[in-house]
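In my numbering, the protein residues as written are 6 to 695.
See the structure below:
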């Protein structure tokens, strides 16, 4: 597979909810700061120039003439602009790796570094230990081969912010420009580095390729460097952003980086001091994907940038950390449907953020529920559960509520009380496993016992009628019924009750509770084990239709679903191989699911024509992050080979299918239609363990 070329991706930093988004040819790009609705649509002007050739631009944006109409009806005098050319798409190549993103064309290269790694726990190590880890910046280098020319050349990197407000920022060692204290760029004062600004990108340079005196009334600005004739040179600089003051309402917080970096200028200076380390770490990350296929390398690298572009590390008024992952274009905060899947990635680098999400869910977004069943009108005691999310667009919802869930609905936007109880449980188990934090588990022992009771009641309020399958709805649904994370699909995956997917998630949650409770010697672990066996028997005895397991155990539904196997990924990740063995205590269930997966894939029920995997036989709607989980189960539990045709299709779903939006999770027949600019694709981290 040749590396995809024409697509937007985030270039972001841990916990800073900002991005310099770039890559979709002709679409521009630029900074997003404190908002994640989509890529910035401004112009980005990057390239080089020589007096005999004029200015050559990479094809991210097409330079436009200067517009002086608001100031001078006939323009300005003596402002001749150099000739302009744009690199043809066929002469440009791109290589997206885990830590670097590189574009090359003959004689020129652009590279962006987005380093990431382990982040210390501020509750243990204090905030100062995070200074090098929560710097809202990315690093750039440009290389020009001017060895065959007898002319001095210019390198430039600039943006059109869409408004005035940029200004020079300079120190004895630094040249830079910033925009209203919100974002900017800076470089060391070498190679005659200087900021430029004007009414158009070309008008910032004269016919000798020398940058003119900056005209800060213009909206085009950036940095330029002089490259001597006969030389091949690389210049480095930093792009940074900053949001001071209050970051969220409902729960008042500020960005954690503001405790350590007082303003944008300090961030730029800090980034320049750390650029060698940033490039070294980025290239180390690149090397860690070397064993993956090109398709999987691309998918994980692209998805990782989506995760970081949506992450917020905040601090509340008491000085405690608050961690938020925003839901892409929807900007919902700490959606538990996403948190449970993103936990695999977080566990590798910073497991404590999962703990922060879980503990915040307990403090602010838990509630005591009551239940109803389809066969009577009584209201039954339920137990603890959690909201779908914690708010939207940096506004925390009132305690015990979400921005998403409302009553009296049968589908999208209904409540998800059952699944969120499972998601919370699995998140807690992920943190406990990755951190070995038994003190934390002990402090939550009573909560885990309450969760066990709550999940069992959600099978049925009466113990004698529990069969291991979800069978109730929260009274919060009113006249409606509960749904799942697959909210925009048909009942095969959207309906919570009697669903094969939710039954398997219930089984995994019971195993998680057994593991948590057993680790601290609680006898309640035995009840959790018995409940897991009950759910396993239900799956083993599930009625078959056409050789596969139907999605709903109602005798009428004939949909076949891929996420039937999703629940197996959790004990796999914990290393509980006995529970997912064909000969283990749940062997009958495992063998039944293996046969089901083979049937839906080999029979084409859960495949698209391009070879990509399909979540439901009765819907064209799929989420890549969930497909990655099913692929992991297929390969690492059932021993199937990597489906390279599917991987290639999944890449095409991103490029060209979703090229204009960054990593996109929700796909209909190969094209992104929702869940754009999204974080959850980092379930692809599981490919690294294969």
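Note that CB positions come from ideal geometry on N, CA and C, so glycine has one too. Owing to the predicted nature of the structure, the values given are computational and were not obtained by experimental measurement.
Check whether residue 667 and residue 249 have beta carbons under 9 Å apart: The residue you call residue 667 lines up with position 662 of the chain shown. The residue you call residue 249 lines up with position 244 of the chain shown. Their beta carbons are not under 9 Å apart, which means residue 667 does not touch residue 249 by this criterion.
Confirm, please, whether the CB-CB distance from residue 229 to residue 216 is below 9 Å. Numbered from its first residue, the chain shown carries residue 216 at position 211. Numbered from its first residue, the chain shown carries residue 229 at position 224. Taking 9 Å as the Cβ cut-off, residue 216 and residue 229 qualify as a contacting pair.
So for residue 487, helix, strand or coil by DSSP? On the chain shown, residue 487 is found 482 positions in, with the first residue counted as 1. Coil at residue 487, not helix or strand.
Quick one: complete beta strand (DSSP E) runs, 3+ long, within the stretch 132–218? DSSP runs (the beta strand (DSSP E)) wholly in the stretch 132–218: 142–150, 158–165, 171–176, 179–184, 188–193, 199–203.
Taking buried to mean at least 16 other C-beta atoms within 10 Å of its own C-beta, is residue 724 buried or exposed? Residue 724 lies beyond the residue range present for the chain, which begins at 6 and ends at 695; the question has no answer from this structure.
Suppose you measure from the CA of residue 554 to the CA of residue 539; what does that come to, to the nearest Å? For the purposes of this step, residue 554 is identified with residue 549 of the chain shown, where counting begins at 1. For the purposes of this step, residue 539 is identified with residue 534 of the chain shown, where counting begins at 1. Between residue 554 and residue 539, the C-alpha separation is close to 18 Å.
With DSSP as the reference, identify every bridge partner of residue 339, one or two as the case may be. Mapped onto the chain shown, residue 339 falls at position 334. DSSP output for residue 339 lists no bridge partner at all.
List the endpoints of the continuous beta strand (DSSP E) containing residue 319. By 1-based counting over the chain shown, the position of residue 319 is 314. It spans 316–321 - the beta strand (DSSP E) in which residue 319 sits, taken as one unbroken run.
Can you tell me which of 476, 488, 426 puts its alpha carbon nearest to the alpha carbon of residue 518? Within the chain shown, numbered from 1, the residue matching residue 518 stands at position 513. The residue with the shortest Cα to Cα distance from residue 518 is 426.
Might you give, ordered along the chain, the residues of its own chain that have their beta carbon closer than 7 Å to the beta carbon of residue 396, omitting 5 neighbours on each side? Your numbering for residue 396 matches position 391 in the chain shown. Once the five neighbours on either side are set aside, the close Cβ partners of residue 396 are 255, 338, 402, 408.
Alpha carbon to alpha carbon, how far is residue 465 from residue 456? Position 460 of the chain shown, counted from the first residue, corresponds to residue 465. Position 451 of the chain shown, counted from the first residue, corresponds to residue 456. Cα-Cα distance, rounded: 15 Å.
Where does residue 713 land, buried or exposed, given buried means 16+ other C-beta within 10 angstroms? Residue 713 lies beyond the range of the chain shown here (6 to 695); nothing can be said about it.
Could you tell me the alpha carbon to alpha carbon distance between residue 664 and residue 537, rounded to whole angstroms? For the purposes of this step, residue 664 is taken as the residue at position 659 of the chain shown. For the purposes of this step, residue 537 is taken as the residue at position 532 of the chain shown. Near 42 Å, if we compare the C-alpha coordinates of residue 537 and residue 664.
Tell me the DSSP secondary structure of residue 479 in three-state form. Counting from one through the chain shown, the residue named residue 479 turns up at place 474. The answer is strand: DSSP assigns residue 479 an E or B state.
Where does the unbroken beta strand (DSSP E) through residue 52 begin, and where does it stop? As a first step, residue 52 is located in the chain shown; it is residue number 47 there, counting from the start. For residue 52, the enclosing beta strand (DSSP E) begins and ends at 48–55.
Tell me whether residue 399 sits in a helix, a strand or coil according to DSSP, three-state version. Your numbering for residue 399 matches position 394 in the chain shown. Assigned with DSSP and collapsed to three states, residue 399 falls in coil, not helix or strand.
Only counting the same chain, and skipping five residues up and downstream in sequence, which positions put a Cβ closer than 6 Å to that of residue 510? One-based indexing of the chain shown puts residue 510 at position 505. Once the five neighbours on either side are set aside, the close Cβ partners of residue 510 are 427, 572.
Can you tell me the Cα-Cα spacing of residue 628 and residue 636, whole angstroms? Locating residue 628 in the chain shown gives position 623, where the first residue counts as 1. Locating residue 636 in the chain shown gives position 631, where the first residue counts as 1. Cα to Cα, residue 628 sits roughly 13 Å from residue 636.
So, under 8 Å CB-CB, residue 244 and residue 145 are touching, yes? Tell me the CB distance rounded to an integer number of Å. The residue you call residue 244 lines up with position 239 of the chain shown. The residue you call residue 145 lines up with position 140 of the chain shown. Under the criterion of beta carbons closer than 8 Å, residue 244 and residue 145 qualify as touching, at roughly 6 Å.
Going along the chain, which unbroken runs of the alpha helix (DSSP H) with 4 or more residues stay wholly within the stretch 238–306? Those alpha helix (DSSP H) runs which fall completely within the stretch 238–306 and span 4+ residues are 269–278, 280–292.
So residue 586 and residue 545 are supposed to be a Cβ contact under 8 Å. How far apart are they, rounded? Indexing the chain shown from 1 puts residue 586 at position 581. Indexing the chain shown from 1 puts residue 545 at position 540. Rounded, the Cβ-Cβ distance is 14 Å, inconsistent with contact.
Could you spell out the range, first to last residue, of the alpha helix (DSSP H) harbouring residue 515? Locating residue 515 in the chain shown gives position 510, counting from the first residue. In the DSSP annotation of this structure, the continuous segment of the alpha helix (DSSP H) that includes residue 515 starts and ends at 505–524.
For the structure I just gave you, are there three or more beta carbon pairs, one from the stretch 280–295 and one from the stretch 431–449, closer than 8 Å? Per the Cβ contact rule, the stretch 280–295 is not in contact with the stretch 431–449 (fewer than 3 Cβ pairs under 8 Å).
Quick check on the DSSP output: the alpha helix (DSSP H) that includes residue 671 runs from which residue to which? Walking along the chain shown from the start, residue 671 turns up at place 666. Residue 671 -> not in any alpha helix (DSSP H); beta strand (DSSP E) instead, spanning 671–673.
Within 10 angstroms of the Cβ of residue 672, are there 16 or more other Cβ atoms? Answer buried if so, exposed if not. For the purposes of this step, residue 672 is identified with residue 667 of the chain shown, where counting begins at 1. If you draw a 10 Å sphere on the C-beta of residue 672, you find 16 or more other C-beta atoms in it, and that means buried.
Between the Cα of residue 85 and the Cα atoms of 137, 679, 204, which residue gives the shortest distance? Taking the first residue of the chain shown as 1, we reach residue 85 at position 80. Closest by alpha carbon: 204.
Whether or not the stretch 175–190 and the stretch 58–69 are in contact is what I'm after, with contact meaning three or more pairs of Cβ atoms, one per stretch, closer than 8 Å; do they touch? They do not touch, by the three-pair rule.
If you scan the stretch 101–135 from start to end, which runs of the beta strand (DSSP E) of 3 or more residues do you find wholly inside it? Those beta strand (DSSP E) runs which fall completely within the stretch 101–135 and span 3+ residues are 105–110, 113–118.
How many Å lie between residue 599 and residue 643 at the Cα? Residue numbering aside, residue 599 sits at position 594 when the chain shown is read from its first letter. Residue numbering aside, residue 643 sits at position 638 when the chain shown is read from its first letter. In this structure, the straight-line span from the alpha carbon of residue 599 to that of residue 643 is close to 7 Å.
Please classify residue 129 as buried or exposed, where buried requires at least 16 neighbouring CB atoms within 10 angstroms. Mapped onto the chain shown, residue 129 falls at position 124. Counting of Cβ neighbours within 10 angstroms places residue 129 among the exposed residues, the total staying below 16.
For residue 197 and residue 157, what's the separation of their Cα atoms in angstroms? Numbered from its first residue, the chain shown carries residue 197 at position 192. Numbered from its first residue, the chain shown carries residue 157 at position 152. About 12 Å.
Measure the beta-carbon distance from residue 294 to residue 103 and round it to whole angstroms, keeping in mind my assumption that it falls under 8 Å. For the purposes of this step, residue 294 is identified with residue 289 of the chain shown, where counting begins at 1. For the purposes of this step, residue 103 is identified with residue 98 of the chain shown, where counting begins at 1. 5 Å between Cβ atoms; contact.
Residue 587 (DSSP reduced to helix, strand or coil): Here residue 587 corresponds to residue number 582 of the chain shown, with the count starting at 1. Residue state, collapsed to three classes: coil.
Is residue 391 helix, strand or coil when you go by DSSP? Residue numbering aside, residue 391 sits at position 386 when the chain shown is read from its first letter. Strand at residue 391.
For residue 371, list the residues DSSP reports as bridge partners. Taking the first residue of the chain shown as position 1, residue 371 is located at position 366. Answer by DSSP bridge pairing, in chain order: 391.
For the beta strand (DSSP E) containing residue 25, list its first residue and its last residue. The count along the chain shown starts at 1 and reaches residue 25 at position 20. Segment 23–26, the beta strand (DSSP E) holding residue 25.
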